[in-house]
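Peer 1: Structure in structure tokens, see below.
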Amino acid sequence: MNTQFLLSEIFSDAWALAKKNIWIIMGFTAIQFLVIFTTFLLTGLGGGALIQNVIFGLIDAFFTVAIYQVFFKLIDEEGDPEFPDFVPSVIKALNFLAVKLIMSLLIVLIIASVAAVYFFNMPQIDTTDIMTWKHLPLLLGILIPIVAYVSVRMCFAVCFIVDQDSGAIEAIRQSWILSKGHFWFLLLLFLVIVGINMLGAMALFVGLLFTVPLSSLMMIVTYRQMVNSYADGEEEILLEN
Numbered sequence: 146m147n148t149q150f151l152l153s154e155i156f157s158d159a160w161a162l163a164k165k166n167i168w169i170i171m172g173f174t175a176i177q178f179l180v181i182f183t184t185f186l187l188t189g190l191g192g193g194a195l196i197q198n199v200i201f202g203l204i205d206a207f208f209t210v211a212i213y214q215v216f217f218k219l220i221d222e223e224g225d226p227e228f229p230d231f232v233p234s235v236i237k238a239l240n241f242l243a244v245k246l247i248m249s250l251l252i253v254l255i256i257a258s259v260a261a262v263y264f265f266n267m268p269q270i271d272t273t274d275i276m277t278w279k280h281l282p283l284l285l286g287i288l289i290p291i292v293a294y295v296s297v298r299m300c301f302a303v304c305f306i307v308d309q310d311s312g313a314i315e316a317i318r319q320s321w322i323l324s325k326g327h328f329w330f331l332l333l334l335f336l337v338i339v340g341i342n343m344l345g346a347m348a349l350f351v352g353l354l355f356t357v358p359l360s361s362l363m364m365i366v367t368y369r370q371m372v373n374s375y376a377d378g379e380e381e382i383l384l385e386n
């Protein structure tokens, strides 16, 4: 497997695709933001936090799968996307939702385990005020790296779901394999994406209509480059391991 990937090349490819299809991606992202904002207002009036989280999770899953379907078509095929391309597969959306749930549960389990060990000999600790300077080493030195590691290793799960029709567990396994040995590169990619979206937010948040889909394009371009870097026959590793 070729292990040489360049952030500049990934950004350049994603930028070119985003510029070429700017009105499509900005229009779709605007609709997504509008739906989320409207849902927030409606659920805020008549629902609790649990209902909000469930609805937001479903909306995010369906919109994410839809835009990834469109982006994969833009990368792999010639021509503009058509309306059916924007209609998300229900199965794929539910698989992506399951991935997010599994990832959240895994992170919570890790955090709970680490916290239990850390506080085992501190029975008198004030658990109502965990976010103190006293506990900063735990938060920064242990929890954040663990969360970052799990997030990076699972970052391609949605790509496998959309591109290869993988189920939730299979997509997580494939993402874990594909990202093996590339943690620091992918972490740097994540930081670049965060920086890009911060710039988008600074432009009165209107810039997010472009930077959010650009971020997704960067992840898809990275995924495609990494998958394509496997030699003939070697790609079976992603399917059989």
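Residue numbers (my numbering): 146 to 386.
Glycine included, C-beta positions come from ideal geometry on N, C-alpha and C.
What is the DSSP secondary structure of Cys300, counted as helix, strand or coil?
Peer 2: If you number the sequence shown from 1, residue 300 lands on position 155. It is coil, neither helix nor strand.
Peer 1: Starting from the C-beta of Trp321, find all residues in its chain whose C-beta is less than 6 Å away, skip the five residues before and the five after it, and write them out in chain order.
Peer 2: Counting from 1 along the sequence shown, the entry for residue 321 is found at position 176. Correct list, in chain order: Arg298.
Peer 1: By alpha-carbon positions, which one of Gln177, Leu219 and Asp225 ends up nearest to Gly205?
Peer 2: Locating residue 205 in the sequence shown gives position 60, where the first residue counts as 1. First, the residue type needs correcting, since residue 205 is Asp and not Gly in the sequence shown. Of the candidates Gln177, Leu219 and Asp225, the one whose C-alpha sits nearest the C-alpha of Asp205 is Gln177.
Peer 1: For the alpha helix (DSSP H) holding Asp158, just list the boundary residues, first then last.
Peer 2: As a position in the sequence shown, residue 158 is number 13, starting the count at 1. Residues Leu152 to Lys165.
Peer 1: Which of the three DSSP states, helix, strand or coil, is assigned to Gly340?
Peer 2: One-based indexing of the sequence shown puts residue 340 at position 195. Residue state, collapsed to three classes: helix.
Peer 1: Measure from the alpha carbon of Gly286 to the alpha carbon of each residue in Lys325, Glu315, Asp310 and Ile256, then state which is nearest.
Peer 2: The sequence position of residue 286 within the sequence shown is 141, counting from 1. Closest by alpha carbon: Ile256.
Peer 1: My assumption, with CB atoms under 8 Å, is that Ile306 sits in contact with Lys245. Please give the rounded CB distance.
Peer 2: Taking the sequence shown and counting its residues from 1, the one referred to as residue 306 is at position 161. Taking the sequence shown and counting its residues from 1, the one referred to as residue 245 is at position 100. Ile306 to Lys245, Cβ: 11 Å. No contact.
Peer 1: Report all residues from its chain with a CB closer than 6 Å to the CB of Ser157; omit the five preceding and five following residues, and keep chain order.
Peer 2: In the sequence shown, residue 157 corresponds to position 12, counting from 1. Cβ within range, chain order: n/a, list empty.
Peer 1: Please work out which residues of its chain come closer than 6 Å, Cβ to Cβ, to Leu349, disregarding the five sequence neighbours upstream and downstream, and give them in chain order.
Peer 2: Numbered from 1 along the sequence shown, position 204 holds the residue referred to as residue 349. Around Leu349: no qualifying Cβ.
Peer 1: Just to confirm, are Leu362 and Ala211 a CB contact at a threshold of 8 Å?
Peer 2: Here residue 362 is taken as the residue at index 217 of the sequence shown, counted from 1. Here residue 211 is taken as the residue at index 66 of the sequence shown, counted from 1. Not in contact: Leu362 and Ala211 (Cβ atoms no closer than 8 Å).
Peer 1: Mind the definition here: the segment 196-203 touches the segment 211-226 only if three or more C-beta pairs lie below 8 Å; say whether that holds.
Peer 2: Taking 8 Å as the limit for Cβ pairs, the verdict is that the segment 211-226 does not touch the segment 196-203.
Peer 1: Please report the distance separating the alpha-carbon of Gln370 from that of Leu186.
Peer 2: Counted from its first residue, the sequence shown places residue 370 at position 225. Counted from its first residue, the sequence shown places residue 186 at position 41. Computed Cα separation, rounded: 40 Å.
Peer 1: Does Gly224 come out as helix, strand or coil in the three-state DSSP assignment?
Peer 2: Locating residue 224 in the sequence shown gives position 79, where the first residue counts as 1. Gly224 falls in the coil class under three-state DSSP.
Peer 1: DSSP three-state label for Tyr368, please.
Peer 2: Residue 368 sits at position 223 when you count from the first residue of the sequence shown. In the structure shown, Tyr368 sits in a helix (DSSP, three-state: H, G or I).
Peer 1: Run through DSSP, which three-state label would Tyr375 get?
Peer 2: As a first step, residue 375 is located in the sequence shown; it is residue number 230 there, counting from the start. If DSSP states are grouped into helix, strand and coil, Tyr375 belongs with coil.
Peer 1: Whose CA, out of Trp168, Gly172, Phe216 and Leu239, lies closest to the CA of Tyr368?
Peer 2: Start at 1 with the first residue of the sequence shown, and residue 368 comes out as number 223. Minimum Cα distance to Tyr368 is reached at Phe216.
Peer 1: Is the separation between the beta-carbon of Pro226 and that of Ile169 shorter than 8 Å?
Peer 2: What you label residue 226 is simply residue 81 of the sequence shown in a count that begins at 1. What you label residue 169 is simply residue 24 of the sequence shown in a count that begins at 1. Yes, they are a contact pair.
Peer 1: Secondary structure at Lys218, three-state DSSP: helix, strand or coil?
Peer 2: In the sequence shown, counting from the first residue as 1, residue 218 sits at position 73. Residue state, collapsed to three classes: helix.
Peer 1: Please work out which residues of its chain come closer than 7 Å, Cβ to Cβ, to Val180, disregarding the five sequence neighbours upstream and downstream, and give them in chain order.
Peer 2: Locating residue 180 in the sequence shown gives position 35, counting from the first residue. Excluding sequence neighbours, Val180 sits near Ile204.
Peer 1: Can you give me the start and stop residues for the alpha helix (DSSP H) that Ser324 sits inside?
Peer 2: Stepping through the sequence shown from its first residue, residue 324 is reached at position 179. Neither: Ser324 is in no alpha helix (DSSP H) and is coded neither H nor E.
Peer 1: Cutting at 7 Å between CB atoms, please list the residues of its own chain near Asn386, excluding the five before and the five after it.
Peer 2: Reading the sequence shown from its first residue, position 241 is the one you call residue 386. Residue placement at Asn386 cannot be trusted, given a pLDDT of 46 that sits under 50; what the coordinates show is reported in the next sentence. Once the five neighbours on either side are set aside, the close Cβ partners of Asn386 are Ile322.
Peer 1: Helix, strand or coil for Phe173? Go by DSSP, reduced to three states.
Peer 2: Taking the sequence shown and counting its residues from 1, the one referred to as residue 173 is at position 28. Three-state DSSP puts Phe173 in a helix.
Peer 1: Does DSSP put Phe207 in a helix, in a strand, or in coil?
Peer 2: Translated into positions along the sequence shown, residue 207 becomes position 62. Helix at Phe207.
Peer 1: Classify Ile314 as buried or exposed, calling it buried when 16 or more other Cβ atoms lie within 10 Å of its own Cβ.
Peer 2: For the purposes of this step, residue 314 is taken as the residue at position 169 of the sequence shown. Ile314 should be labelled exposed.
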